[in-house]
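A.B. asks:
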Amino acid sequence: MNTYDAIKTRRSTRKFKSEQIDNEQLSKIIDAGRAAPCGGNSQSTHFIVIRNKKVLDDLANLARDAFAKMEVHEDTYKSLKMSILSSKKGSYVFHYNAPVLIVTANKINYDNSMADCACAIENMMLEANDLDLGCCYINQLNWLSDDENVRAYMLKLGLAEDERIFASMVVGKADSKDGLPIRTERPITGNPVDYVD
Ligand SMILES: Cc1cc2nc3c(=O)[nH]c(=O)nc-3n(C[C@H](O)[C@H](O)[C@H](O)COP(=O)(O)O)c2cc1C
Numbered sequence: 001m002n003t004y005d006a007i008k009t010r011r012s013t014r015k016f017k018s019e020q021i022d023n024e025q026l027s028k029i030i031d032a033g034r035a036a037p038c039g040g041n042s043q044s045t046h047f048i049v050i051r052n053k054k055v056l057d058d059l060a061n062l063a064r065d066a067f068a069k070m071e072v073h074e075d076t077y078k079s080l081k082m083s084i085l086s087s088k089k090g091s092y093v094f095h096y097n098a099p100v101l102i103v104t105a106n107k108i109n110y111d112n113s114m115a116d117c118a119c120a121i122e123n124m125m126l127e128a129n130d131l132d133l134g135c136c137y138i139n140q141l142n143w144l145s146d147d148e149n150v151r152a153y154m155l156k157l158g159l160a161e162d163e164r165i166f167a168s169m170v171v172g173k174a175d176s177k178d179g180l181p182i183r184t185e186r187p188i189t190g191n192p193v194d195y196v197d
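Residue numbers for the sequence shown follow the numbering used here, beginning at 1 and rising by one.
Here it is, written out as structure tokens:
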């Protein structure tokens with residue numbers, strides 16, 4: 001798949017098979033993330049790659065508990081609102097039971113932290129698409145990165161005291177008939193462009 005095709009056919013997958021992906025595929029995805037551009041070549045993005053089912057379940061439970069305690073306001077961002085309301089109902093699993101959750105953290109006192117993490121996530125999603133794997137950007141651990149319980153748990157998994165989670169993604173085999181991720185092109189109706197010649 002060439003770069004343009006990988007970009008144009010990447011779509012978010014939210015249903016996964018439980019089977020684990022190959023180590024070789026995972027290494028390629030992580031390599032792609034580590035090769036992403038970063039501000040000042042700081043290379044401070046920290047990748048925490050979670051494949052342990054108990055840890056994934058623990059994180060889903062911690063996130064659900066944290067969201068369930070939050071209130072929805074008129075101006076609450078729609079995806080956050082959905083996370084809160086689903087958690088209050090008790091059935092919310094933010095990582096869609098994917099076999100792999102890749103968390104990217106970065107320095108708290110570094111202006112490019114989120115940009116660097118997002119560049120890494122996009123590189124990894126494109127590589128996952130090229131490998132015929134499904135993936136999806138996951139924002140919930142960014143929203144919950146200051147939650148006491150989530151932070152304490154992530155510190156045990158290797159998050160450093162001077163780091164915070166900025167972005168995550170899930171990856172796995174898509175739970176589709178042919179095992180491939182959905183690749184239908186998404187109509188682009190926003191993202192205006194002005195050419196100034
Ligand atoms: C910054 C960012 C945060 C996102 N957070 C989530 C998320 O938490 N959960 C989710 O299911 N999708 C998330 N997405 C995926 C978007 O919903 C998705 O990219 C968008 O609807 C376009 O659809 P597509 O990815 O299939 O092209 C996120 C995407 C971005 C770029």
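All C-beta atoms, glycine included, are put in the ideal place defined by N, C-alpha and C.
Whole angstroms are fine: how far does the CA of K8 sit from the CA of G190?
C.D. replies: Locating residue 190 in the sequence shown gives position 190, counting from the first residue. Locating residue 8 in the sequence shown gives position 8, counting from the first residue. C-alpha separation (whole angstroms): 16 Å.
A.B. asks: Give every residue whose Cβ lies closer than 6 Å to any heavy atom of ligand 1, listed in chain order.
C.D. replies: Any residue whose Cβ sits closer than 6 Å to a heavy atom of ligand 1 makes the list: R11, S12, R14, S79, C136, Y137, I138, N139, Q140, R186.
A.B. asks: Following a CB-centred definition, is S44 positioned closer than 7 Å to any heavy atom of ligand 3?
C.D. replies: By its list of ligands, the structure shown excludes ligand 3, since it contains just ligand 1.
A.B. asks: Just to confirm, are M124 and A66 a CB contact at a threshold of 8 Å?
C.D. replies: Counted from its first residue, the sequence shown places residue 124 at position 124. Counted from its first residue, the sequence shown places residue 66 at position 66. Against a cut-off of 8 Å, the Cβ pair of A66 and M124 comes out as no contact.
A.B. asks: Nearest to N112 by CA position, among S18, I165, K78, D175, is which residue?
C.D. replies: For the purposes of this step, residue 112 is identified with residue 112 of the sequence shown, where counting begins at 1. With distances taken between Cα atoms, N112 lies closest to I165.
A.B. asks: Please report how far the alpha carbon of E24 lies from the alpha carbon of L180, in whole angstroms.
C.D. replies: In the sequence shown, the residue the question calls residue 24 occupies position 24. In the sequence shown, the residue the question calls residue 180 occupies position 180. Between E24 and L180, the C-alpha separation is close to 18 Å.
A.B. asks: Report back the beta-carbon spacing between C117 and A167 to the nearest angstrom; my notes put them in contact at under 8 Å.
C.D. replies: Residue numbering aside, residue 117 sits at position 117 when the sequence shown is read from its first letter. Residue numbering aside, residue 167 sits at position 167 when the sequence shown is read from its first letter. About 4 Å separates the two Cβ atoms, so the contact holds.
A.B. asks: Given a threshold of 16 other Cβ atoms within 10 Å of its Cβ, counted over all protein chains shown, does Y4 qualify as buried or as exposed?
C.D. replies: Taking the first residue of the sequence shown as position 1, residue 4 is located at position 4. Under this definition Y4 is an exposed residue.
A.B. asks: Hey, how far is the Cα of A98 from the Cα of K17?
C.D. replies: For this step, residue 98 is matched to residue 98 along the sequence shown. For this step, residue 17 is matched to residue 17 along the sequence shown. Distance between the alpha carbons of A98 and K17 is about 7 Å.
A.B. asks: Using C-beta distances below 8 Å, list every residue in its chain close to G90, excluding the 5 sequence neighbours before and after it, in chain order.
C.D. replies: Translated into the one-based positions of the sequence shown, residue 90 becomes position 90. The answer, listed in chain order, is R64, A68.
A.B. asks: Note down, in chain order, each residue of its chain lying with its Cβ closer than 7 Å to the Cβ of M1, except the 5 sequence neighbours on either side.
C.D. replies: For this step, residue 1 is matched to residue 1 along the sequence shown. If we look at M1 and ignore the five residues flanking it on each side, its Cβ neighbours are D130.
A.B. asks: What does the alpha-carbon distance come out to for the pair E19 and K107?
C.D. replies: Residue 19 sits at position 19 when you count from the first residue of the sequence shown. Residue 107 sits at position 107 when you count from the first residue of the sequence shown. Those two C-alpha atoms are separated by around 33 Å.
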